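Report on the following structure.
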Amino acid sequence: MTEVFGMAGLEVAVLDVDIFALQNAVELNIKSAEEKLIGIVKVGGKNSTISIVRNGVNLFTSDVGTGGRSITEVISTETGASFEEAEKIKRKLCLEKDGSGSEEEAYLDALHKGVEYVAQEIHKQFNYLLSAVDSGELSVVYASGGGVQSKGLLSALSERLGVPVEQFNPFSVIEINEELHDLNYVKELSPFMGTAVGLAIREVGDKVKAEDFVE
């Protein structure tokens with residue numbers, strides 16, 4: 281890999297894997313994460329990545345071929361809407377039902393089925409990985425990626441796993457200059473920025489020093 285960059289005239293200072301970078305960001309922002317058996321899930325568009333981490337050591341990592349796109353596909357199948365229309369529906373709807381027998385309720389039902397499907401697939405993979413852990417119980421799961429914005433997904437996953445599933449905020453301990461950045465916009469970006477923050481705190485020969493990046 282580094283040879284490819286060298287051929288382009290670039291020098292590689294740090295090379296990382298996205299889920300490991302996300303783990304670094306979690307440990308930077310949540311100190312208790314280094315002392316427990318935790319799960320990390322990045323819910324992307326086509327795929328999701330799951331890690332089991334204990335005491336800062338990544339025990340197991342695996343990919344699941346489902347993500348936010350899967351929810352859109354279920355909505356499209358259930359309602360007959362095109363993929364593009366289903367994506368718009370997904371972005372607008374919430375799981376709370378208003379009324380009965382309406383077109384909106386049909387869309388809500390489809391969204392719910394999509395969310396349940398993705399939660400089920402992620403849950404299966406968590407169970408598979410946890411079956412290989414020799415001791416300890418999962419305490420919490422931190423979720424990142426654009427797919428976590430699908431309303432009801434985190435609660436559905438929490439119900440299946442029997443532990444809290446929290447949306448990870450990669451900026452929770454990072455000082456942000458309010459004069460330069462709109463905090464509301466930063467909050468909107470947070471589901472997408474976990475890996476980027478994990479990469480940003482890397483340096484050559486490093487072990488992340490949290491105090492260099494927090495208030």
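The sequence shown begins at 281 in this note's numbering and counts up by one. Where is the CB? At the ideal position from N, CA and C, for every residue including glycine. Quantities reported herein were computed from a predicted structural model and do not represent experimental measurements.
Report the residue from the options whose alpha carbon sits nearest the alpha carbon of residue i.
i, options, result
"V344", "V323, E353 and S411", "V323"
"V420", "L290, V333 and K326", "V333"
"S312", "L388, G416, R482 and G336", "G336"
"V413", "A293, S362, G319 and N304", "G319"
"E315", "N338, G325 and A301", "N338"
What does a CB cutoff of less than 6 Å around residue i pick up in its chain, not counting 5 residues either side in sequence?
i, result
"A366", "T352, I355 and S356"
"S389", "Correcting the residue identity first, residue 389 is Asp in this sequence and not Ser. So no residue of the chain qualifies."
So is residue i buried or exposed if we call it buried at 16+ other beta carbons inside 10 Å?
i, result
"H392", "buried"
"I330", "buried"
"Q405", "buried"
"G379", "Confidence at G379 is low in this model, with a pLDDT of 48, below 50, so its placement is unreliable and the value that follows should be read with caution. G379 comes out exposed."
"V398", "buried"
"S411", "exposed"
Consult DSSP for residue i and reduce its assignment to one of helix, strand or coil.
i, result
"R334", "strand"
"I456", "coil"
"D298", "helix"
"E491", "With a pLDDT of only 44 at E491, under the threshold of 50, the placement of this residue in the model should not be trusted, and no figure is reported."
"S411", "coil"
"V445", "strand"
"S430", "coil"
"V477", "helix"
Do residue i and the ligand FMN come close, with the Cβ less than 7 Å from some heavy atom?
i, result
"V354", "For the ligand FMN, the structure offers nothing, since it holds no ligand at all."
Starting from the C-beta of residue i, find all residues in its chain whose C-beta is less than 8 Å away, skip the five residues before and the five after it, and write them out in chain order.
i, result
"A434", "For clarity, residue 434 is Leu in the given sequence; the question names Ala instead. Around L434: A423, V428, V445, E446 and Q447."
Here's a check: name, in chain order, each residue in its chain whose Cβ is nearer than 7 Å to the Cβ of residue i, leaving out the five neighbours to either side.
i, result
"D492", "Here the model assigns D492 a pLDDT of 46, short of 50, so the residue's position is not dependable, and the following value carries that caveat. Result list for D492: empty, nothing under 7 Å."
"L463", "I456"
"V443", "L418, S419, V420 and V421"
Handout entry: beta strand (DSSP E) runs contained entirely in the stretch 304-353, provided each spans 3 or more residues
Key = The stretch 304-353 contains these whole beta strand (DSSP E) runs: 317-323, 328-334 and 337-344.
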